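I have placed the structure first, in the form of structure tokens, so that the comments after it can refer back to it.
Chains as they are written, first to last, in UniProt numbering: chain A, 1 to 310; chain B, 1 to 191; chain C, 1 to 393; chain D, 1 to 103.
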């Protein structure tokens, strides 16, 4: 696969136009743009209900230059399964002949939670689609309610930091691993600040035959509470602290894509975000410690799995 | 519905009561009759007593309720006589055909039943001819004998066609099935 | 060319699907629909259809994938029953509002709870306001005829709506009856090629399907749906006529059975209408002027035509195999009685809720309704507007 | 009766069926530039055309022609400042939008 070259990519048409109504500084549209730059084929895009969908297709306007379908919240994968089945059938019958790619988006709510069954079904059936979860760690579209992707101790509107309970009590679900357990050809975790890595992974995902899944960390200035221009800094701290490891699994082979020269403390990731403000109050040091401990354990697991340890 | 015949099949889940009713229905349909064949609605469990039904008529059938007063009852398993009331709803001039080695007279006494009783050793016949107890096909032969619903040669011809479809992957069992129908037709006993 | 056969309702519908040869079927098994999915799977396995069969993990995904396929320009079908339809619910509405001509056989079964697998209409009646066309069948033959016609109805350019083809669970689905299958090529010719106006798979003309539709346009789109339903009436009648010319069979909106000079009548849909015909025949032999109206098309609702057909009755009983729990009667009753309000016809309309959870409804039960109607006709008094037929006191 | 504001919009007989949008990418008719409080400015002499601003822009608002970044599409730029923050040579600065002084 050729190296990702931004100047070359810049020749390609934009497939998500301006004029969409995502928040200023939203990570979702950055992710969408990077992924769409990874293919030149026509794409049918499906999207779960969520920020991305409601902001890019407000009738009578659409920001999508490709065909796009939104059906409901929990069924992005099933819906795209259907479109892909239509494609397979019509192609087999000689009614259409061009190459088309199938791309499904869901936020973490539409992927980890309510759309989980639909995703699992589509992956198991082996549809030739790329499913992308833009994971901003809560139901941001409806006002920052917790999801199973919300990190432990993050304060959300349904897991608020209170006098007794310091935010969400559970660690986030490792969805990337769960999808990998479907034994599909390609699964990866990525982040848009490492655009070369993300575009490469998207290319790979489009290229493989059968389902591919990308879990992409999506910065949300509103839900995470940080100055919107610092999105990429925050993502860097997510990967440098190993909160969000970048790895991939191709045909069962695990590979680590980024290993920080020096692992940054988890506070680099937590501190700039308003949703973790309470963990830095005096007396809450243990909250940071437990997050650090969990991240360390998880990192060890990934290193081991990717053959990065003895 | 002057010429309507209603039939009830008693069997145990797995014995083929439903299959027999459907086969009878399909064959009767081929001979120009209007038919219905349907199982007792619900999950069929191996061994549990089950029911299946037929309606056969020269006129169009529109009725869609269950059969409650069958003029013919067919019992695929002799042990059912103790388990369920096989005579329920049968009118006084009704007929009951039972797979058993007992004589019709004995069974009639046992059942305390007014109508006509017929018996046939369908288990024995099918064991001889097919190699295992499949009472449902021989019982069809007995049923054709004791009723005047269908003309036997025509019936056999149509059944054979159905068997050829049904047993397309194992044609070797067709002969045995046909023989057991023939034998039951000959061997069914009346009082 | 057609052939007479004896088949179960399941076999009939699965064969209709085979003959229609849809591009995509996405379906999930559920009693009493399961055998349709099984039989169709075999057709797929044996290469008898071009269909891409999507074995989804739930009915919600069945309807979701069917919507995706249909938006992708495929002729798409699914089939379900009861709780399966309930699980699809959200997407059932989306299919209609997105104007996708999906055809869905529904093998009618009681909707939980308590759980019950037997026939009533609570599943489909619950979806009466979803924007789907709903056709009901007395027997397997009509279910087949409806399925074949449904393709044309739904895809008609003046309609573009999904169609539910209802068939009574077990009573029809599991019973073998005589019927006539059309020849494969006749069905193919009748349904024709599907040529969608817009599809996701036309990369020359990319479209956006299912945008968020706010206060400024949503209502206009809903108004269009009503218009499409209005158009569907003519389309359904025309297609029924065309089908009748081909087969000699066919009901447009409803069948009138001995209704011409009837004084008392019953309105029923589904298999019970067949049983009611036997009751009408019995009563006619006794000199009672009884009649029956069998409703085929429930959505859209043929208000004027029904009133015209029923206005000379003295008393009409509407049979509902589902309840609305409004305490003022079942869903069909509500529409029929409302139709009579404007007509100002002098017909007493009473309601019989019957057969819930598969409770057997016999000829005698229906005759007992006619007896009630005779009493009402004689006394001019209605004691109970809503009655529960065959429930133990 | 439609509210006054909506009365100008097409009626139900005119809009495409089923909520379909038939004109791909017509969101460009909707200008989000008005959301901006700060405006990016490019110092073309400083710019090394690395295109990092371009790949990170959430609003497809970085204008690139023949591999050269030439400026911003102010119709859509919401002023998030990611481009300025990520520019490795500080060629982009964020300037506070002033109320229009045009007469």
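For glycine and all other residues, C-beta sits at the position ideal for the given N, C-alpha and C.
All values reported here derive from a predicted model rather than from experimental measurement.
ask   = If we count Cβ pairs, one from each stretch, closer than 8 Å, do we get three or more for the segment 216-236 of chain A versus the segment 270-287 of chain A?
value = Taking a contact to require three or more Cβ pairs closer than 8 Å, the segment 216-236 of chain A and the segment 270-287 of chain A qualify as touching.
task = May I ask you to verify whether the segment 258-269 of chain C touches the segment 235-249 of chain C, counting CB pairs closer than 8 Å and requiring at least 3?
result = no
message = So that I know if they touch, is there some Cβ in chain C lying closer than 9 Å to that of residue 97 of chain D?
response = In the fourth chain, counting from the first residue as 1, residue 97 of chain D sits at position 97. No, residue 97 of chain D does not count as interfacial toward chain C.
Terminal residues of the beta strand (DSSP E) in which residue 75 of chain A lies = Taking the first chain and counting its residues from 1, one reaches residue 75 of chain A at position 75. Here residue 75 of chain A belongs to no beta strand (DSSP E), and DSSP marks it neither H nor E.
request  = Mind reading off the beta-carbon distance from residue 125 of chain C to residue 13 of chain C? Whole number of angstroms is fine, and I expect it under 8 Å.
outcome  = Here residue 125 of chain C corresponds to residue number 125 of the third chain, with the count starting at 1. Here residue 13 of chain C corresponds to residue number 13 of the third chain, with the count starting at 1. Rounded, the Cβ-Cβ distance is 20 Å, inconsistent with contact.
key: residue 172 of chain A classed as buried or exposed, judged by whether at least 16 other C-beta atoms fall within 10 angstroms   = As a first step, residue 172 of chain A is located in the first chain; it is residue number 172 there, counting from the start. Its Cβ being crowded by 16 or more others within 10 Å, residue 172 of chain A is buried.
message = With a threshold of 9 Å between beta carbons, is residue 17 of chain A in contact with chain D?
response = For the purposes of this step, residue 17 of chain A is taken as residue 17 along the first chain, with counting starting at 1. Interface residue, yes.
key: chain C contacts made by the segment 12-37 of chain B, where a contact means CB separation under 7 Å   = From the segment 12-37 of chain B, only 22, 25, 26, 29, 34, 35, 36, 37 have a Cβ closer than 7 Å to chain C.
Rounded straight-line distance, which links the Cα of residue 222 of chain C to that of residue 16 of chain D = Taking the first residue of the fourth chain as 1, we reach residue 16 of chain D at position 16. Taking the first residue of the third chain as 1, we reach residue 222 of chain C at position 222. The alpha-carbon atoms of residue 16 of chain D and residue 222 of chain C are separated by roughly 12 Å.
task = Using a Cβ-Cβ cut-off of less than 7 Å, list which residues of the segment 220-240 of chain C approach chain D; keep chain order.
result = 220, 221, 223, 224
key: Residues of the segment 75-91 of chain C with Cβ closer than 8 Å to any Cβ of chain B, in chain order   = So nothing in the stretch comes that close.
inquiry  = Taking 9 Å as the threshold (C-beta atoms), are residue 184 of chain A and residue 126 of chain A in contact?
reply    = The residue labelled residue 126 of chain A in the question sits at position 126 within the first chain. The residue labelled residue 184 of chain A in the question sits at position 184 within the first chain. Judged by their CB atoms, residue 126 of chain A and residue 184 of chain A are nearer to each other than the 9 Å cut-off.
Beta-carbon proximity list for residue 4 of chain A, same chain, < 6 Å, skipping 5 on both sides = The count along the first chain starts at 1 and reaches residue 4 of chain A at position 4. So the qualifying residues of the chain are 196, 199, 200.
query = Measuring CB to CB, does residue 96 of chain B end up less than 9 Å from residue 73 of chain B?
reply = For this step, residue 96 of chain B is matched to residue 96 along the second chain. For this step, residue 73 of chain B is matched to residue 73 along the second chain. Result yes, Cβ atoms of residue 96 of chain B and residue 73 of chain B sit closer than 9 Å.
Within 8 Å of chain C by C-beta, residues of the segment 65-83 of chain B in sequence order = 65, 66, 68
ask   = Is the CB of residue 216 of chain C under 9 Å away from at least one CB in chain D?
value = Numbered from its first residue, the third chain carries residue 216 of chain C at position 216. Yes, residue 216 of chain C counts as interfacial toward chain D.
inquiry  = Please list, in chain order, the chain C residues whose beta carbon lies closer than 7 Å to that of residue 21 of chain D.
reply    = Position 21 of the fourth chain holds residue 21 of chain D. The answer, in chain order, is 207, 208, 211.
task = Sort A:280, A:255, A:294, A:261 by Cα distance to residue 303 of chain A and report the nearest one.
result = For the purposes of this step, residue 303 of chain A is taken as residue 303 along the first chain, with counting starting at 1. Residue A:255 is the option with its Cα nearest to residue 303 of chain A.
message = In whole angstroms, give me the CA-to-CA distance for residue 1 of chain C and residue 180 of chain C.
response = In the third chain, counting from the first residue as 1, residue 1 of chain C sits at position 1. In the third chain, counting from the first residue as 1, residue 180 of chain C sits at position 180. Caution is warranted here: a pLDDT of 46 is assigned to residue 1 of chain C, below 50, making its placement in the model unreliable, and the coordinate value is therefore given only provisionally. One C-alpha to the other measures close to 10 Å.
query = Are any of the Cβ atoms in chain D nearer than 9 Å to that of residue 14 of chain A?
reply = Mapped onto the first chain, residue 14 of chain A falls at position 14. At least one chain D Cβ lies under 9 Å of residue 14 of chain A.
request  = Output, in sequence order along the chain, the residues in the segment 168-193 of chain C whose CB is closer than 7 Å to any CB in chain B.
outcome  = 170, 171, 174, 175, 176, 177, 178
task = Compare the C-beta of residue 70 of chain C with all C-beta atoms of chain A and state if any pair is closer than 9 Å.
result = The residue you call residue 70 of chain C lines up with position 70 of the third chain. Chain A, which has a Cβ nearer than 9 Å to the Cβ of residue 70 of chain C, makes this yes.
query = Mind checking whether residue 20 of chain A and residue 56 of chain A have CB atoms under 9 Å apart?
reply = As a first step, residue 20 of chain A must be located in the first chain, where it is residue number 20. As a first step, residue 56 of chain A must be located in the first chain, where it is residue number 56. The beta carbons of residue 20 of chain A and residue 56 of chain A sit closer together than 9 Å.
query = List, in order along the chain, the chain C residues whose C-beta lies closer than 9 Å to that of residue 101 of chain A?
reply = Within the first chain, numbered from 1, the residue matching residue 101 of chain A stands at position 101. Here the premise fails: no neighbours, minimum Cβ distance about 10 Å.
query = Cβ atoms of residue 56 of chain B and residue 5 of chain B: under 9 Å apart, would you say?
reply = What you label residue 5 of chain B is simply residue 5 of the second chain in a count that begins at 1. What you label residue 56 of chain B is simply residue 56 of the second chain in a count that begins at 1. Yes; because the gap between Cβ atoms is below 9 Å, this pair is in contact.
ask   = How should residue 13 of chain A be labelled, buried or exposed, when 16 other C-beta atoms within 10 angstroms of its C-beta is the threshold for buried?
value = Numbered from 1 along the first chain, position 13 holds the residue referred to as residue 13 of chain A. By the neighbour-count rule (16 or more Cβ atoms within 10 Å), residue 13 of chain A is not buried but exposed.
query = Distance, Cα to Cα, residue 63 of chain C vs residue 242 of chain A?
reply = Stepping through the third chain from its first residue, residue 63 of chain C is reached at position 63. Stepping through the first chain from its first residue, residue 242 of chain A is reached at position 242. Spanning the two alpha carbons is a distance of roughly 40 Å.
inquiry  = Under 8 Å: does the beta carbon of residue 32 of chain D sit that close to some heavy atom of the ligand GTP?
reply    = This structure simply doesn't include the ligand GTP, nor any ligand for that matter.
task = With a 10 Å radius around its C-beta and 16 neighbouring C-beta atoms as the bar for buried, classify residue 40 of chain B as buried or exposed.
result = Residue mapping note: residue 40 of chain B aligns to position 40 of the second chain, counting from 1. Buried: at least 16 other Cβ atoms inside 10 Å.
request  = Determine, using beta carbons only, whether residue 38 of chain D and residue 97 of chain D come nearer to each other than 9 Å.
outcome  = Here residue 38 of chain D refers to the residue found at position 38 when the fourth chain is read from its first residue. Here residue 97 of chain D refers to the residue found at position 97 when the fourth chain is read from its first residue. Cβ distance < 9 Å, so residue 38 of chain D and residue 97 of chain D count as in contact.
Environment of residue 342 of chain C [buried if 16+ CB atoms lie within 10 Å] = Start at 1 with the first residue of the third chain, and residue 342 of chain C comes out as number 342. By the 10 Å Cβ count, residue 342 of chain C comes out exposed.
Residue 38 of chain B beta carbon less than 9 Å from that of residue 176 of chain C = Along the third chain, one-based indexing puts residue 176 of chain C at 176. Along the second chain, one-based indexing puts residue 38 of chain B at 38. Yes, Cβ-Cβ distance for residue 176 of chain C and residue 38 of chain B is below 9 Å.
query = Can you name the residues that DSSP bridges to residue 64 of chain D?
reply = Working through the fourth chain from its first residue, we reach residue 64 of chain D at position 64. For residue 64 of chain D, which the question treats as bridged, DSSP gives the partners D:69.
task = Provide the residue(s) that pair with residue 205 of chain C in DSSP beta bridges, ordered along the chain.
result = By one-based count along the third chain, residue 205 of chain C stands at place 205. Residue 205 of chain C pairs with nothing; no bridge assigned.
ask   = What does a CB cutoff of less than 6 Å around residue 202 of chain A pick up in its chain, not counting 5 residues either side in sequence?
value = Counted from its first residue, the first chain places residue 202 of chain A at position 202. For residue 202 of chain A, where only same-chain residues beyond five positions count, the Cβ hits under 6 Å are 35, 38.
task = Tell me whether residue 50 of chain A is buried or exposed, calling it buried when 16 or more other Cβ atoms sit within 10 Å of its Cβ.
result = Locating residue 50 of chain A in the first chain gives position 50, counting from the first residue. Result: buried.
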